[in-house]
Amino acid sequence: MIGQAIIFIGCGSLCFLTESKAVNTGLTPSILASFENPIKKCGIETLLFYQKMFHIDDVDDDDVVEYDDLVSEIQRSDSNNDGIWTYEEALTDVDYENVTEEHFQSYDHNGDGHISIQDARLVFELLPGTGNDLNLEDFLFIQATLEDKSQGPEIDIKAFVHAVKDFRIIDMDDDFILTRKEFRMRFKSADRNKDGQLTRSEIRNLFPMRSTPPPNICGNWNVGCSQDDAMALFDSADTENRSQLSVDEYIRHFGPLVKI
């Protein structure tokens, strides 16, 4: 089909859109229309869901989703090997047991009712300039823009990604579980002068990716932020009193505090 191509100008990962001349893109008019207004915020539960999808699609675990990753995932999930991945086939795959039909159809970029290798190619046309790979922010930007409904309190997509990076830096053993011990060790690392208190500048090291410290993180900045103050932050996020936080728990609590 002939449609208005969408190109990105002034790109970071979140880019503004402008119309170009008509070209044969293969993308549906509704998808093209949805990218006329860039999405910068989305419900945190929706972003958590698509973060999981990103890691499923990142077949080789290199923190980017590449064309070959998508092709491999489509071929793996195509149980009858007919070159077409249907929602019924997705329901038989444990990785996609929580995927709704609406979520599944968001991957159908040419609107033919199923997912094929052509859809894997078209996803990269949504973000020109990314080549043949998408980082987490690119991936979330695409899925948030295509999502009709988002769930949970809205959060800036860039802030969400920063919170994910914070978690991975603080999670010392890379097991996707943040323990009280790891959080305490992060405090000690952030306390550069080893006086047992974090100044405003040192608190930035506790949350490495954020541009400013979370507001009201400590009750009395004239005294400083003690280890007890910092651990109270952890405990407020640990609602189940397990002395550990999952990625989802960490992002739900600390993500909205990120100021970009």
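Just so we're aligned: the sequence shown equals residues -22 to -1, 1 to 238 in mature numbering (1 follows the signal peptide of the UniProt record, and there is no 0). No residue lacks a Cβ here, since even glycine has one placed at the ideal position from N, Cα and C. As the structure is a prediction and not an experimental result, all values here were calculated from the model.
Beta carbon of Ile120 nearer than 8 Å to that of Asp73: Here residue 120 is taken as the residue at index 142 of the sequence shown, counted from 1. Here residue 73 is taken as the residue at index 95 of the sequence shown, counted from 1. Their beta carbons are not under 8 Å apart, which means Ile120 does not touch Asp73 by this criterion.
Where does the unbroken beta strand (DSSP E) through Glu132 begin, and where does it stop? As a first step, residue 132 must be located in the sequence shown, where it is residue number 154. DSSP places Glu132 inside the beta strand (DSSP E), whose first and last residues are Glu132 to Asp134.
Where Met163 falls, given that 16 or more other Cβ within 10 Å makes a residue buried: Numbered from 1 along the sequence shown, position 185 holds the residue referred to as residue 163. So Met163 counts as exposed.
On the DSSP bridge list, what partners appear for Gly21? The residue labelled residue 21 in the question sits at position 43 within the sequence shown. Gly21 is bridged by DSSP to Glu132.
Give a yes or no on whether the minimum CB-CB distance between Ile133 and chain B is below 8 Å. Protein chains in the displayed structure number just one, and chain B is not present.
Backbone CA spacing between Ile147 and Asp41 [nearest angstrom]: In the sequence shown, residue 147 corresponds to position 169, counting from 1. In the sequence shown, residue 41 corresponds to position 63, counting from 1. Answer to the nearest angstrom: the Cα atoms are 14 Å apart.
Assuming Glu115 and Ile135 make a contact with CB atoms under 8 Å, what is their CB distance in whole Å? Your numbering for residue 115 matches position 137 in the sequence shown. Your numbering for residue 135 matches position 157 in the sequence shown. The beta carbons of Glu115 and Ile135 sit about 7 Å from each other, so the pair counts as a contact at 8 Å.
Pairs of beta-carbons, one from the stretch 18 to 25 and one from the stretch 118 to 133, closer than 8 Å: are there three or more? Verdict: yes, contact present.
With distance defined between alpha-carbon atoms, name the residue in Gly4, Pro234, Leu235 and Asn15 nearest to Leu124. In the sequence shown, residue 124 corresponds to position 146, counting from 1. Distance check between Leu124 and each of Gly4, Pro234, Leu235 and Asn15 places Asn15 closest, using alpha-carbon atoms only.
If you scan the stretch 46 to 107 from start to end, which runs of the alpha helix (DSSP H) of 4 or more residues do you find wholly inside it? 65 to 69, 79 to 83 and 95 to 100, all fully within the stretch 46 to 107.
With C-beta atoms as the reference, is Asn88 less than 8 Å away from Glu44? Here residue 88 refers to the residue found at position 110 when the sequence shown is read from its first residue. Here residue 44 refers to the residue found at position 66 when the sequence shown is read from its first residue. Cβ atoms of Asn88 and Glu44: not closer than 8 Å.
On the three-state DSSP scale, how would you describe Val142? The residue you call residue 142 lines up with position 164 of the sequence shown. The DSSP-derived three-state label of Val142 is helix.
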